[in-house]
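The listed protein sequences correspond, in order, to chains A and B. Per this note's numbering, the very first residue in the first sequence carries number 22; after that it's consecutive. Per this note's numbering, the very first residue in the second sequence carries number 42; after that it's consecutive. So the structure is just underneath, and the comments pick up after that.
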Amino acid sequence: MNFKHQNKNKMIKRSFLYRYSLRFLLLAGTGLTLLPACKRSEYLNPQPSTLITDVDAFSTAERIQAQVNGIYFRLKAGDFLGSFYFVASEARAGDFISTNLNAAAAATTYQLLTVTTTEEVQEIWEDGYQAINAANVFIDGMNNGGKTVVGEAIASNYIAEARLVRAVAYYYLLQLYAQPYANGAGSRPGLPLRLTGNNNSGSYDLKRSTVNETYDQILEDLNFAEQNLPDNYSSAALNTTRAHKNTAIALKTKVYLSMQDYQNVIVEANKIVSVAAPFTSSARVAHALNPSVLTVFNPPYTSTESIFSMPFSSNDAPGSSLGGYFLPGTGDGGSPTSNGAGNLNLNPNGLPADPSWTTADDRRQFLLTGTRTGRLWLTKFKQASPYLDYVPVIRYAEVLLNLSEALARTTGGVDARAVALLSAVRNRSDKTTSYTTASFADNAALISAIIKERHIEFLGEGIRNADIMRLQLDIPAKPAHSVPAASPSSPNYIFPIPSDELLLNKLIENN
Amino acid sequence: MNLNVPYKRLNCCLKNKTLTPTFKLKLSKNKLLFALTFTILQANAYASPINIGIPSVNASIGNHIFPAPLTTIDSSSKIKPAKPPIDIRGRVLDEKGTPLPGASVKVKGSPQGTMTDSNGSFSLKGVSSDAVLVISFVGYDSREVKAAATVNISLQPNKSDLAEVTVIGYGTQRKSEVTGSISSVKGSALAEQPVTSFEGALGGRASGVNVTVNSGNLNEPPVFRIRGTNSLSLSSYPLVVIDGVPSFTGEEESGIGNASNNPLSSINPADIESIDIAKDAAATSIYGSRAANGVVFVTTKKGRMGKAKVNFSSTLNFNTAANLPKLLNAEQYIELKNEGLRNEGTFNPATNYYDYSLDANGNRVDTRWYDHIYRTGLSTFNNVNISGATESTKYYASVGYTDQEGIFRKTDFSRKSALFNIDNKTTNWLSIGAKINYNNELNASAMSNGSRGNQSASGGMSRVALISAPIVGPFNADGTYNTTTAGFLGLQDNASHLSGQSRLGFYNPVLSMDYNSSDNRVNSIQSNAYVEIKPLSWLSFKSIYGIDYRYVTFENYFSPLTGEAISTNGASASVQSRRERWVWTNTLSADKRFGDHSFNFLLGEEEQKTNGNQFGVRVTGQTDPLYTNTQGGWQNVFLNNTANSVFDNYLFSLFTRLQYNYQQRYFLTGNYRVDEYSALGANNKRGTFWGFSAGWDVAKESFWSQAGLENVVNSLKFRASYGKVGNVGGLSDFGAINTYSAALYGGQSGLIYSATGNSDLRWETSKKTDFGVNFGLFGNKITGELAYYRNNIDGLIFGVPLPPSVGIPNSNNNSIMQNVGRMYNQGVEFSIGGAPIRKENFSWNANFNLTTNKNQVLELAEGVPSIITGTNDALTITLPGYSAGMLYAVRTGGVDAATGRRIFLDKSGRKVYYQHVAGAGAPSPYQWSYEDNTQAPAITPSSDAVIYQQSAPKVFGGLSNVFNYKGFELNILLTYQLGGYMINGTQASLRDNRFWNNEVGMLRRWQQPGQQTDIPKVINGDNVSNGNTMPLDINVSSTDFLRLKSAQLSYNLPSTFISKFKLTNTRVFVSGQNLWLLTKYSGIDPEVTTNANSAIGQGIDKNQSPNARTIVVGLNFGF
């Protein structure tokens, strides 16, 4: 009886096991395939495959060097020195007519109707400060360990480049968003000076420094750059696109001219301009005027005249571009390899009608009459989309004319070297004209000729607007669209501070 | 035959014998004497067991001829000859006339019964002719009918939700036990709607659910909100869970093309069985970190008991633009534009005036641009499915083909889809199943159609249709395209005398549509497989592994002839986008009852990983007209501008849920979930979420029936829930870390500081409270629900803006994603439904729902007084104390009757007059001046706009009615909303005084001193006075509306007729969408909005395309 019971129990057990074993096995099997914890942690902290984290950005010399290029990349942003800064400057300065009054093509700036919310007012400011912060973050990173990776010497080269970029950005912002130095001798509000890297949230209220203080900072950076930059690089391309000692010096002539500090223009310019013609830089990179102005703007854009330019390549094309704005479409004289959107055409009654700009002048070859509309187009930047023409920031011709003007203004009368410098630029393009001291009745005539020469030489390069401002001239009227002139005292003489800055920076004041 | 005799019984069964009795009766006092004879009859006569009580008989019946006893019985006994039994044939149909296979047919009070076959047919033999048949089917009300030779009966769906189940996360629950807030919509309500994805047809069908079809563009995801906007910059789109696997939704898709695409269009609406929308914390908290915007459960169809059944449906649709503004014709245009030139002072009868162009025949050009851009689109939707089930296996397979033409020329959508669902109960403890849904789509659009917020582009079709001048046409008189060197519409005959203009339109749409293309092709696979093991009858383990793979190819081609690419000598771009997601869910559930206590316990683990990348190239400079794709011959190749990106995110979750009820009267549920998400800040990846709810079904209490209330209120369930859920939708995968990205500088490699993250970034959390009551009246003839909800949202993530001079780089520069800000949504939901009339041949079912929503922002980041979004012609502002996304507008004070100038009001309310041309002859020497003609600062939105009106509606809902009469059904859906406002930026565009064409209202313009009007003097070039460059109050109007969203009339052909063709059901129908609209809105449609699903960019209608009006004819049949 007992035995039987046991047997029965066993049988029940066995059949239970038999009946349930498979389902438990399946259950266990599925459970075992669950993801192990270590894999989970890896999945929860994925490393981006196309981005480098800030932890690693300063870990190798190659990455640090790449970051230097990255700072220049910020400077040549489409809305800053990549083109739009210059487009907006030209749209104001009266040489161009807005073809379609398209607000997306600087028409508001052209009409001098810029307000705090105007796109270009916001974007130029934003991109300028992006470049400034990129430089600041880099300088901080170098001081926090980057130096030890590349060594002190190379580190100071790189920091000098970053400071030069910062100085350039501040300089250009100052030309649009602040009263020129001439108005109040630099006492008017300048820019908020940001000198340390910003890479997290926090409170960033900061008031504007004065124009003077801003220029002081620019010069401090450029002086540091001059001290610490290399003499030159291994190729013409690098000498044009990365800063070396002469770049800092050339930029200082530009800065001092804006500050009407003519003595210092002369001091700086003399470091890279020979005493007599042919004017060249004997030191370091041998800057000189290119024999033909026409080829300065041809590939590879790296003649010794091009001291500093913003480069482009097909995988690194500008967003908006000078060629795109200035060149006509294919239906109006553009060719498949040289056409644009035709947003800005030249005012035919303005500079092109100036008799002092002789027909023999090579620079007139930059003018093209529309085959269909008869409009006058500027073809200095001539490549079709993707518009890979380099954008000049400073050319040796500008250094020469900066020096020429500074000499003329400091010496009074008709300064012989000033005339020689002016003549060098004019005669390069206009073989029929050579100036002598006799060409000018007086100091005023000489200065006026120099200003005119700058106007012609740098047409489309964004310099005219800065000249108008520093000389306290009226921004010209645009009769084609009944846009009245703006005098230095009118509120639209300079850009307003963008609305976001006004809203978010409690210490800022508007213009 | 039944002789009721209170004596001994003689039971005889005459099998297979047909006998007939013969009586001989004889009365004697109180006795009845009778003789009974049986004789054999012919074969088909009736014979059934007879009970004869004959006291004296004790012989058995065995002979053909029964010996005739003669006896006496009690005369009080009744002799009731019975009717003969009958054979019954019949069919059981649903309310729409579709056969119901597997329905049970039983003889009441008898074991006799059968089931219907796949045609819904049944037969029963030998049923007592006075018997009653009980016919029942799951989900339908049972019916009783008297036996008859032919019984055709239709069942009505079970309106009482007692028997229905609802999908909740990781399981289902009987509706009567649900304590959360869940709205359900049957797939059949959506299946025949002319929508590409199901959510487009959800509007008005459920309380708390607001779906705004915001444009007539094909396949554009609608604006989808559950209980208000629950985020400011992350996604406000609900989580969509399809058969247990979270799906991609439209917000996450970005590309380069002009055509829209929507991941939810990968589910063919015809394959959807039901949609359950979870709204409160109780219902959603099991989805933890993704539940803040509500959860939408989509269940696809499965097979039903019975042999294979094939269904075919097909519709033909006609789509037209529902409403378009009335524009000036050529004559009116010339009059107005010349007046503008005169008023500007630039009119010159020789050199500067507008006039007609002449076509090749010398006729005046008067172009109606609508005709060149819009069309009547023809679409077809076709679906075939086969389904069925045996005891152990259910299967459903379908294929669908959709081909849609949009209301714009060259906008098309076509889809080929296939779905296969199979479920097998292998043994009593093991079930396995799988699903595969494959979908292939083409979305095409030659020009911008506004689907990506680009409706105001130079090639925006709806914009070009509005503002191109009627005095020029798409072609010149010589047959060439009318285009300028920049690709714009040229002046044609005006070229000789309109010196102030270079063009009379934006891109030439005919040219662009003839040459350009912008397509995206989608291949997607949604699949899952599961195994469910029940080691014990009450314990179940389920493992489900699902994938959602999407492969999208974008390809654009823009001809060098067209405005889109004239400056680049042609352009093309291709992008391949791959997103692959797997989701693995393991759950253990226990379902056990102890007497009156029922428990359901769930424990789960889930992982979701999404990988993928998007990469493309863009080429420009076409070298030969032959090359119309990216691989052709091109001068320049770019690797940027194609939204290249890498996707990598991971979500790990553990969750549990306990459900308890006592006697189906008291209910308690608790949910708890822990989520860890890779895209969050290193310090805050983990979040915990939970929800509790309770319910009480009062009508189940004994006092309720004792009080006699159950006849009136047969069910009354109170519920309450509270919980915390989260939101991370739309967060970028690597947005929490500071990163550098590669760049080139002059061909040299570069590395740029490009993104600023926030290592503290954590979940947005939403604390949801819900109180509700569900009731059923008069035996569930009327059912309804009333609920109050409140969501308190904390730690809202948005890019906190910093001053631009800080130079913080990000995709949105100068902002860092931070958890700041609080807001809430609260409101009341009410829905009621029932069948006021339910008769044999006629029934009327009605459902009404209403939702109120109040949204208020409580706090933003420190130092951020408000968030202003939009472009300068249409802005919204979000700030504490107001609803998110208030319209932000400059006030106006009418038109000065003396001078025709627009009067603006500055911030302080002071009048500022605007004249486009200042100076000599003008009323004031300044463009902007005060009433006394002294100079005023220019009016700008940043300094003078005021918080104007709320964009979100305060009340919305719908009313659906279904009328059935015999085979006919009329289905009407009305939707409505109240309390919202929108800025009609399109009107501002259409009142621009540049060369743009205008709407006819401009004919009311001011012309002489003293004239009272709302349209100022027209001055050429004036784009300010009517609001095209800043948002003005005059363009804002209420979006209250009542819309006949859809109406459908269908007819089920009689089964007697269609059975001749071996069909089981055949239905024909016609329907219409957007047939009628009642609104005060000044634009074309109060639902049309520009900024897609942007949380705080609603209420803006700028050049957006109209909605489509669709007429559908369709046919359904099955066998």
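For glycine and all other residues, C-beta sits at the position ideal for the given N, C-alpha and C.
Chain-order list of residues whose beta-carbon lies under 8 Å from that of residue i (same chain, five-residue window excluded)
i, result
"B:Tyr394", "Asn379, Leu382, Phe388, His538 and Leu539"
"B:Asn1025", "Asn1076, Val1077, Ser1078, Tyr1122, Ser1123, Gly1124 and Asp1142"
One or two residues paired with residue i in a DSSP bridge
i, result
"B:Lys149", "For B:Lys149, which the question treats as bridged, DSSP gives no partner whatsoever."
"B:Val425", "B:Phe353 and B:Val440"
"A:Arg385", "Note: A:Arg385 sits in no beta bridge, so no partner."
"B:Tyr865", "B:Asn833 and B:Gln897"
"B:Leu920", "Bridge partners of B:Leu920: none, in fact."
"B:Gly657", "B:Val616"
Contacting residues, own chain, Cβ-Cβ under 7 Å from residue i (five flanking each side not counted)
i, result
"B:Asn364", "Ile1125, Asp1126 and Pro1147"
"B:Phe1160", "Val351, Lys1103, Leu1104 and Thr1105"
"B:Ile127", "Val168, Ser170, Ala188 and Ala190"
Sequence-distant residues of its chain with Cβ nearer than 6 Å to residue i (five each side left out)
i, result
"A:Ala427", "Tyr283, Val286 and Ile287"
"B:Thr1107", "Leu1094, Ile1099 and Phe1158"
"B:Glu717", "Phe693, Lys726 and Arg727"
"B:Val715", "Leu695 and Thr729"
"B:Gly103", "With a pLDDT of only 41 at B:Gly103, under 50, the local geometry of the prediction cannot be trusted, and the value read off the model is given with reservation. Nothing meets the Cβ criterion."
"A:Asp521", "none"
Option in the options with minimal Cα separation from residue i
i, options, result
"A:Ser508", "A:Pro519, A:Val170, A:Met490 and A:Ala269", "A:Met490"
"B:Asn799", "B:Phe1082, B:Leu134 and B:Val861", "B:Val861"
"A:Ile118", "A:Ser450, A:Tyr346 and A:Thr217", "A:Tyr346"
"A:Ser303", "A:Tyr417, A:Thr358 and A:Val136", "A:Tyr417"
Cβ of residue i within 9 Å of any chain A Cβ
i, result
"B:Asp555", "no"
"B:Asp202", "Only weak support is given to the placement of B:Asp202: the predicted model assigns it a pLDDT of 44, under 50, and the value that follows is read from those uncertain coordinates. No, no contact with chain A."
"B:Phe642", "no"
"B:Tyr701", "no"
"B:Gly988", "Sequence inspection shows Ile at residue 988 of chain B; the Gly mentioned does not correspond to that position. No, because no Cβ of chain A sits closer than 9 Å to the Cβ of B:Ile988."
"B:Ser762", "no"
Chain B contact for residue i (CB, 9 Å cutoff)
i, result
"A:Ser222", "yes"
"A:Glu147", "yes"
"A:Pro226", "Pro is not the amino acid found at residue 226 of chain A; the sequence shown has Asp there. Judged by the 9 Å Cβ criterion, A:Asp226 is in contact with chain B."
"A:Gly395", "no"
Amino acids of chain A, ordered along the chain, whose beta-carbon sits closer than 8 Å to that of residue i
i, result
"B:Val958", "Ser503"
"B:Val687", "Pro69, Ser70 and Thr71"
"B:Ser807", "Correct list: empty, because the minimum Cβ distance to chain A is about 23 Å."
"B:Ile849", "Asn154, Asn219 and Asn220"
"B:Thr729", "Chain A residues near B:Thr729: none, gap ~16 Å exceeds 8 Å."
Neighbour list for residue i in chain B, Cβ cutoff strictly below 8 Å
i, result
"A:Asp521", "Pro842, Pro844, Pro845 and Asn855"
"A:Val158", "Tyr794"
Proximal chain B residues relative to residue i, where beta-carbon distance stays under 7 Å
i, result
"A:Pro357", "Asn610"
"A:Pro349", "Thr526"
Where residue i meets chain B, residues with beta-carbon distance less than 9 Å
i, result
"A:Val317", "The premise fails here: A:Val317 is roughly 17 Å from chain B at the closest Cβ pair, so nothing lies under 9 Å."
Cross-chain neighbours of residue i in chain A, by beta carbon under 7 Å
i, result
"B:Thr661", "Ser406 and Pro407"
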